[in-house]
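To keep things clear, I will list the structure first and then write my remarks on it.
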Amino acid sequence: TTIAVIGLGYIGLPTAAVLATHGAQVIGVDVNTATVEAVNRGEVPFVEPDLSVAVSGAVTQGRLKATTETPPADVFIVAVPTPFAEDYSADLSYIDAAADGIAPQLQGGELIILESTSPPGATQHMADRILAARPDLRVGGEAGRNQIHVAHCPERVLPGRVMIELVTNDRIVGGLTKEAAQRAKAVYETFCQGDILVTDAVTAEMAKLVENSFRDVNIAFANELSVICGKLGVDVWELIELANRHPRVNILQPGPGVGGHCIAVDPWFIVSSAPEEARLIRTAREVNDAKPGLVIERVLEKAARFRSPRIATLGLAFKPDIDDLRESPALRIVERLAKELPDVRIDAVEPHVEELPRSLADVPNVTLRDLDSAVKDADIVVLLVDHTVFKNADRRKLRLREKVVIDTRGVWRG
Ligand code: SAJ
5 TTIAVIGLGY
15 IGLPTAAVLA
25 THGAQVIGVD
35 VNTATVEAVN
45 RGEVPFVEPD
55 LSVAVSGAVT
65 QGRLKATTET
75 PPADVFIVAV
85 PTPFAEDYSA
95 DLSYIDAAAD
105 GIAPQLQGGE
115 LIILESTSPP
125 GATQHMADRI
135 LAARPDLRVG
145 GEAGRNQIHV
155 AHCPERVLPG
165 RVMIELVTND
175 RIVGGLTKEA
185 AQRAKAVYET
195 FCQGDILVTD
205 AVTAEMAKLV
215 ENSFRDVNIA
225 FANELSVICG
235 KLGVDVWELI
245 ELANRHPRVN
255 ILQPGPGVGG
265 HCIAVDPWFI
275 VSSAPEEARL
285 IRTAREVNDA
295 KPGLVIERVL
305 EKAARFRSPR
315 IATLGLAFKP
325 DIDDLRESPA
335 LRIVERLAKE
345 LPDVRIDAVE
355 PHVEELPRSL
365 ADVPNVTLRD
375 LDSAVKDADI
385 VVLLVDHTVF
395 KNADRRKLRL
405 REKVVIDTRG
415 VWRG
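Just so we're aligned, residue 5 is where the sequence shown starts under the UniProt record's numbering, counting upward by one.
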């Protein structure tokens, strides 16, 4: 079988590599020529444990190659970004571009799988777009040469564990037709050890969005508790620890906001497709999005007590022990603090990166420094990410008692 994987990003490239390692002939397609060239050299343009070995192995064996033009194939897997537009609806332009590339290559009989996280109806939308370009083809109906098969199979892997979770997670496969779902199931069975659960396309689209909304709503509950506790003078982390001793209570951890490219985005796809009904999901998003602003207010309040304060901010990543700064509340907080306090020196500590991201690189009052020296010089220490190195730091040596400490993750309690 020849499989074309459209989009060689965080999901497409690992999927292409895993398919190739399990016997398929895989052609990766990406608009970015630098990505295509890197893959053809057997290299990976981003950090993901164990991915490099898989890609270089597949390329050396001649099972994986990359190109900028969509080739003919038996199976097409679309793994392109679906960002949200300004009105919070999904921007389907990358899916449209992928469909436009696939349409002219079809001969009938192919299977097209959408893997990108999508709003309800996107799989049907992609099929409609292909059929508009190819009125000689059809989806469903009697079996025949001019029939194509379209399915949705959302990815659910956790960044940092992609190569493991691709193989071990259960997968949901939703077909526009039953036959499409069965064919897609057969593709994933070649490498997936988890259960493959078959449904229709819209249910599969919703399943992915609902998983991430579930987490978002639960984090919002913890974040709202932290604001209430701030007002009442209660230690929110102690409160949660105690409440979680109840056998049916499991509250998540509050923090400076919710980051990443999934949990902070996907709930909006549900809200924009049912704006009147999705009240709790919308409010949870708003609660979580308000959190960085509340942290900033607290820092400004403390800073006003000093004549010329110096601030150390700990962490820029969107979650612990990774180098991923995309949609990171910590990064946003540092950017805004630097703007609000142009005369204050801010020392940003992020042990997982070697240089400041572009948005901070030219900001004159922000410097990337190591933990010890940044804290030593600081009047105010703001902990934004619960990296293990911060948790394990020797607090006495850092003389934290002499500083104003704002610990948004509760790692330095007690
Ligand atoms: N967070 C908290 N408190 C918590 C847990 C998380 O504030 O108790 C914050 C984190 O700091 C981070 C954000 O939430 O800023 C999201 O982190 P995460 O670890 O919950 O999730 P992601 O974004 O890395 O990956 C999620 C996963 N989805 C679920 O767990 C339901 C993953 O399985 C999905 O594949 C991924 O989204 C995706 O691609 O959709």
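Every residue, glycine too, gets a C-beta built ideally from N, C-alpha and C.
For clarity, every value in this text was computed on a predicted model and none was experimentally measured.
Three-state class that DSSP yields for residue i in the structure shown
i: Val191; result: helix
i: Arg142; result: strand
i: Ile315; result: strand
i: Ile10; result: strand
i: Lys343; result: helix
i: Ala94; result: strand
i: Gly414; result: coil
i: Asp328; result: coil
i: Gly178; result: strand
i: Ala58; result: helix
i: Val84; result: coil
i: Ile99; result: helix
i: Thr64; result: helix
i: Asp104; result: helix
i: Ala70; result: strand
i: Ile300; result: helix
i: Thr203; result: strand
Own chain residues within Cβ distance below 7 Å of residue i, not counting five before or after
i: Gln128; result: Leu180 and Ala205
i: Glu193; result: Ile200
i: Thr172; result: Gln197 and Gly198
i: Arg286; result: Val275
i: Gly263; result: Phe322, Lys323, Glu331, Ser332 and Pro333
i: Ser217; result: Asp270, Pro271, Ile274 and Ile285
i: Gly27; result: Thr194
i: Ile223; result: Leu256, Val262 and Asn292
i: Arg187; result: Leu115 and His153
i: Asp100; result: Arg133
i: Leu372; result: Ala352, Glu354, Glu359 and Leu360
i: Val35; result: Thr72
i: Lys189; result: Val177, Ile200 and Val202
i: Asp327; result: Val51, Ala321, His356 and Val357
Beta-carbon proximity list for residue i, same chain, < 6 Å, skipping 5 on both sides
i: Val393; result: Pro355
i: Gly144; result: Thr181
i: Asp411; result: Leu387
i: Ser60; result: Gly46
i: Ala268; result: Val262 and Glu331
i: Arg309; result: none
i: Ile176; result: Leu201, Ala208 and Ala211
i: Pro49; result: Thr39 and Ala42
i: Val166; result: Pro18 and Glu52
i: Tyr92; result: Trp272 and Ser276
i: Leu335; result: Leu320 and Leu329
i: Asp174; result: Gly198 and Asp199
Distance between beta carbons of residue j and residue i, contact taken as under 8 Å
i: residue 485; j: Glu215; result: No answer is possible for residue 485: the residues shown for the chain start at 5 and end at 418.
i: Ala208; j: Cys157; result: 7 Å
i: Ala62; j: Ala24; result: 4 Å
i: Val357; j: Thr317; result: About 13 Å separates the two Cβ atoms, so there is no contact after all.
i: Pro124; j: Met210; result: 6 Å
i: Val299; j: Ile315; result: So it is not a contact: roughly 12 Å between Cβ atoms.
i: Ala155; j: Ile117; result: 5 Å
i: Pro87; j: Gln109; result: Incorrect: roughly 26 Å between the Cβ atoms, too far for contact.
i: Ala58; j: Ala103; result: With 8 Å as the limit, Ala58 and Ala103 do not qualify as a contact, their Cβ atoms being about 28 Å apart.
i: Tyr14; j: Pro163; result: 7 Å
i: Gly32; j: Leu55; result: Not quite, the Cβ-Cβ distance comes to about 13 Å (not below 8 Å), so this is no contact.
Proximity test, Cβ basis, 8 Å: residue i and chain D
i: Thr181; result: In the displayed structure, chain D is absent; only one protein chain is listed.
Neighbourhood of residue i by C-beta distance below 8 Å, restricted to the same chain and skipping five residues each side
i: Thr19; result: Val9, Ile81, Ala83, Glu119, Glu159 and Leu170
i: Leu135; result: Leu141, Arg142 and Val143
i: His391; result: Leu318, Gly319, Ala321, Pro324, Asp325, Pro355 and His356
i: Asn369; result: Ala342, Leu345, Pro346, Asp347, Val348, Arg349 and Ile350
i: Leu243; result: Leu229 and Cys233
i: Val253; result: Ala247
i: Ala185; result: Ala155, Val177, Gly178, Gly179, Val202, Thr203 and Asp204
i: Ala382; result: Arg314, Ile315, Ala316, Asp351 and Lys407
i: residue 420; result: Residue 420 cannot be examined here, being either before or after the span of the chain that is shown, 5 to 418.
i: Gln65; result: Ala24
i: Asn150; result: Gly112, Asp140, Leu141 and Arg142
Residue i beta carbon near the ligand ZN (any heavy atom closer than 7 Å)
i: Glu215; result: Only the ligand SAJ can be found as ligands here, which leaves the ligand ZN out of the picture.
### Message
Report the start-end ranges of each beta strand (DSSP E) in the region 22-54 that is 3 residues or longer and not cut off at the edges.
### Response
Entirely contained in the region 22-54, the beta strand (DSSP E) runs reaching 3 residues are, in chain order, 29-33.
### Task
Any chance you could list the beta strand (DSSP E) runs of at least 3 consecutive residues sitting entirely within the region 210-294, in chain order?
You should have found no qualifying run.
### Task
May I have a chain-ordered list of the alpha helix (DSSP H) segments no shorter than 4 residues that lie completely inside the region 116-167?
With a minimum length of 4 residues, the unbroken runs of alpha helix (DSSP H) contained wholly in the region 116-167 fall at 126-137.
#### Entry: Sequence ranges, beta strand (DSSP E) only - wholly within the region 334-407, length at least 3
Within the region 334-407, the complete beta strand (DSSP E) runs of at least 3 residues fall at 349-353, 370-372 and 384-387.
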